[in-house]
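Residue numbers (our numbering): 2 to 308.
In structure tokens form, the structure reads like this:
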């Protein structure tokens, strides 16, 4: 039993030593609806009906080659579904079969424009979670619809095309200062180049956001370990350059670069009492080497103090 009362009753019966009663569900008055997009099924039916034979044939046969294969779905029989891959026991329990017409690019564009809770609005909500908004042109909607129609998977094709269009934007833009962008036909055709162009046009915002990421890391490092890292501007620029080259966020790069610093800085602080450290470009280029030299110097300072 899935409901709470049923589970409680079964638990009480088990405590009393009773065996759990098996539940039987009658499917007599239950209607099962199964749907799907069958790309090659229509073509298989066409071949079975010999309406696409090579050679001389009737005018009807010649015209049939120009008819969309999906038009033959209504003539599908049980054996066509079995040849397509369905188990005979399963397809035999689906006595009523209805073939739907292909969704045209006009239908798909209408879904994007007016369907409640359509996938485009879901992407808008996803970007809204990062305080990013986008506008989409009519040409872009038509292009998305055309590409989705080529997928031949019904409305699911919209998900495929939109994911291909927005994938790079979803990963890149949240770590930048960009808060709005426009999707046009070129964006749908070439999403990656459009994203790179957008980043280039907003380079100042990107740099400001990346510098903020450096400051955010130093604030978190101080909260977690009690040491203040004062990263000079040339060092910040070096971090940003490396992050762009490695296609990763500045914050993640800082975590990797300074992953062992808390241990070395603890040794230095114990011997010198120092809690503030200046990070220059040399520490970015080779953080382990620079940290080691600081530790060695701290031992020298300790000896001088003791003398």
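Backbone N, C-alpha and C define an ideal beta-carbon position, used for all residues, glycine too. Remember, it's a predicted structure, so these values are computed and weren't measured experimentally.
Suppose you measure from the CA of residue i to the CA of residue j; what does that come to, to the nearest Å?
i, j, result
"residue 6", "residue 19", "17 Å"
"residue 183", "residue 138", "8 Å"
"residue 15", "residue 9", "10 Å"
"residue 132", "residue 185", "20 Å"
"residue 60", "residue 50", "For residue 60, the pLDDT reaches just 48, beneath the cut-off of 50, and the residue's location in the model is therefore unreliable, leaving the point undetermined."
"residue 253", "residue 150", "40 Å"
"residue 275", "residue 233", "18 Å"
"residue 25", "residue 11", "15 Å"
"residue 195", "residue 153", "26 Å"
"residue 197", "residue 148", "22 Å"
"residue 209", "residue 72", "56 Å"
"residue 249", "residue 168", "15 Å"
"residue 173", "residue 37", "34 Å"
"residue 181", "residue 136", "8 Å"
"residue 126", "residue 134", "9 Å"
"residue 31", "residue 101", "23 Å"
"residue 92", "residue 35", "10 Å"
Can you tell me where the beta strand (DSSP E) holding residue i begins and where it ends?
i, result
"residue 183", "181-184"
"residue 279", "277-280"
"residue 78", "No beta strand (DSSP E) holds residue 78; DSSP gives it neither H nor E."
Apart from the five residues just before and just after residue i, which ones in its own chain have a Cβ nearer than 8 Å to its Cβ?
i, result
"residue 85", "39, 41, 42, 45"
"residue 64", "With a pLDDT of 46 at residue 64, under the threshold of 50, the predicted position of this residue should be treated as unreliable, though the coordinate-derived value follows. None."
"residue 117", "none"
"residue 296", "265, 268, 269"
"residue 225", "263"
"residue 300", "272"
"residue 192", "165, 166, 167, 168, 169, 170"
Determine the contact status of residue i and residue j, defining contact as a CB-CB distance below 9 Å.
i, j, result
"residue 287", "residue 235", "no"
"residue 237", "residue 230", "no"
"residue 285", "residue 243", "yes"
"residue 241", "residue 212", "yes"
"residue 256", "residue 218", "yes"
"residue 161", "residue 190", "no"
"residue 156", "residue 107", "no"
"residue 95", "residue 170", "no"
"residue 200", "residue 177", "yes"
Could you give the residue range of the alpha helix (DSSP H) that holds residue i?
i, result
"residue 143", "139-152"
"residue 161", "157-173"
"residue 232", "From DSSP, residue 232 is part of no alpha helix (DSSP H) but of the beta strand (DSSP E) over 229-232."
"residue 120", "120-129"
"residue 100", "No alpha helix (DSSP H) holds residue 100; DSSP gives it neither H nor E."
"residue 194", "192-202"
"residue 113", "106-115"
"residue 50", "Careful: residue 50 lies outside any alpha helix (DSSP H) and carries neither H nor E."
"residue 251", "251-258"
Which residues in the same chain as residue i place their Cβ atom closer than 7 Å to its Cβ, once the five residues preceding and following it in sequence are excluded?
i, result
"residue 48", "none"
"residue 119", "112, 113"
"residue 105", "150"
"residue 251", "211, 214, 215, 240, 241, 244"
"residue 291", "283, 284"
Looking only at its own chain, which residues have a Cβ that is under 6 Å from the Cβ of residue i, when we skip the five neighbours before and after it?
i, result
"residue 142", "110, 113"
"residue 175", "131"
"residue 318", "Because the chain is modelled from 2 through 308, residue 318 falls outside the range shown and cannot be assessed."
With a 10 Å radius around its C-beta and 16 neighbouring C-beta atoms as the bar for buried, classify residue i as buried or exposed.
i, result
"residue 75", "exposed"
"residue 188", "buried"
"residue 228", "buried"
"residue 1", "With the chain covering 2 to 308 only, the question about residue 1 has no answer from this structure."
"residue 277", "exposed"
"residue 23", "exposed"
"residue 159", "buried"
"residue 121", "buried"
"residue 28", "exposed"
"residue 258", "buried"
"residue 128", "buried"
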